Amino acid sequence: MAEKMVVIQTKLGQLRGLVQQSCLTGKDYCSFRGIPFGKPPLGELRFKAPQPFGGWEGVRDALDNGPDPKQPGLGPIPMPGMVSDEDCLYINVYMNELPIKGSAKKPVMVSIHGGAFLLGSGGSMMAGPEYLLNEDVVIASFNYRCGAFGFLSLENEEVPGNAGLKDQTLALKWVHDNIESFGGDPDNVTIFGISAGGFSVGFHMVSPSSRGLFHKGIMQSGSPMNPLLMQQNPLANAIKLAKALGCTSEDPDQALRFLQSA
1 MAEKMVVIQT KLGQLRGLVQ QSCLTGKDYC SFRGIPFGKP PLGELRFKAP QPFGGWEGVR
61 DALDNGPDPK QPGLGPIPMP GMVSDEDCLY INVYMNELPI KGSAKKPVMV SIHGGAFLLG
121 SGGSMMAGPE YLLNEDVVIA SFNYRCGAFG FLSLENEEVP GNAGLKDQTL ALKWVHDNIE
181 SFGGDPDNVT IFGISAGGFS VGFHMVSPSS RGLFHKGIMQ SGSPMNPLLM QQNPLANAIK
241 LAKALGCTSE DPDQALRFLQ SA
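Quick look at the structure:
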């Protein structure tokens, strides 16, 4: 069956998505992919907390995944067509049908991808909706910065670290603020993930910044209590990275400017 385009109105602007057919059930579902939730974290925004993308004018295409986060080799299994880029803060939303005015809002499931905080993405190839849309829910999946782009720290106010987790929080806020436009219930949001995604769920459960953005969490093969998650000597690691790329200074400010321009 040929894919059909559909347009939905959101608080941020109009989005053009697709009606696709499930390869598992043969049933139709709606997909809106590659929706920006954060400004491109480039240049002076590299390593820093994300900034909301905001809205747009006209109809924005949401027909394909945004680029995956920058990562080493895109994982152990080659994925044809996967492209990585620093401009990676995109979210995908899937539902069984377009929302009907006056109909009951549906539970929301938000997937946080795994990959040791180094690899992975929220793209449809890795976090597609096929299984979960057997139930009458709205699904969201998103990217967050991985590796040094998401977790470098200079142990100072400018770059304290954990930008990747802050990307996740911004994505959860986007869901809270906008999922009703897709037929989802912002007061019934479950976050879930495996491995690094499971660790992330645990972090959000105890983070004041995430309070009120979700209501249930499922941790799969990951716990925030694992000591392996704690980076040892983050400032020294950041300086070491800068030196490996050619920086001659050990001053944190100069190392940051070098890394932001590398």
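The sequence shown: position 92 = 92 (the UniProt record's numbering), numbered continuously.
For glycine and all other residues, C-beta sits at the position ideal for the given N, C-alpha and C.
This structure is a prediction, so every number in the text was calculated from the model and none was measured.
Quiz item: Going by C-alpha distance, which of D61, P40 and I35 is nearest V7?
Solution: D61
Quiz item: In this structure, does DSSP put A171 in helix, strand or coil?
Solution: helix
Exercise. Could you have a look at F214 and say whether DSSP puts it in helix, strand or coil?
Key: coil
Exercise. Rank P52, C23 and T248 by C-alpha distance to the C-alpha of L132 and give the top, closest one.
Key: Checking every option, the nearest Cα to that of L132 belongs to C23.
Practice problem: Keeping to the same chain, check which residues put their C-beta closer than 7 Å to that of P160; ignore five residues upstream and five downstream. | Solution: S153
Exercise. Compute the beta-carbon to beta-carbon distance between G222 and S195, rounded to the nearest angstrom, for a pair I have assumed lies under 8 Å.
Key: 5 Å
Practice problem: For I112, count neighbouring C-beta atoms within 10 Å of its own C-beta (all shown protein chains included) and say buried if the count is 16 or more, exposed if not. | Solution: buried
Quiz item: Using a Cβ-Cβ cut-off of 7 Å (strictly less than) and excluding sequence neighbours within five positions of M109, which residues of its own chain qualify?
Solution: L132, V137, I139, T190 and F192
Self-check item: Delimiting residues of the alpha helix (DSSP H) encompassing I239
Solution: P234 to A244
Self-check item: Beta-bridge pairing of A262 - partner residues as DSSP gives them
Solution: Partner(s): none; A262 has no beta bridge.
Quiz prompt | V159 - containing alpha helix (DSSP H), residue span | solution = That residue, V159, is in no alpha helix (DSSP H); it is neither H nor E in DSSP.
Self-check item: Residue from M225, V93 and L256 whose Cα sits closest to the Cα of L241
Solution: When each option's Cα is compared against that of L241, the closest is L256.
Quiz prompt | Distance CB(F203)-CB(A171) smaller than 7 Å | solution = no
Quiz item: So the beta strand (DSSP E) V137 belongs to, where does it begin and stop?
Solution: In this chain, V137 is not harboured by any beta strand (DSSP E), its DSSP state being neither H nor E.
Practice problem: Sort out for me which residues DSSP pairs N92 with in a bridge. | Solution: S141
Self-check item: Span separating the alpha-carbon of R46 from that of G26
Solution: R46 and G26 have their C-alpha atoms spaced approximately 42 Å apart.
Quiz item: In chain order, what residues of the same chain have a beta carbon less than 7 Å from the beta carbon of S121, not counting five sequence neighbours either side?
Solution: D68, P69, H113 and N143
Quiz item: Just curious, the alpha helix (DSSP H) that F182 is in, first and last residue?
Solution: Here F182 belongs to no alpha helix (DSSP H), and DSSP marks it neither H nor E.
Quiz item: Between which two residues does the alpha helix (DSSP H) carrying G147 extend?
Solution: G147 to F151
Quiz item: What residues are listed by DSSP as bridge partners for P36?
Solution: Y90
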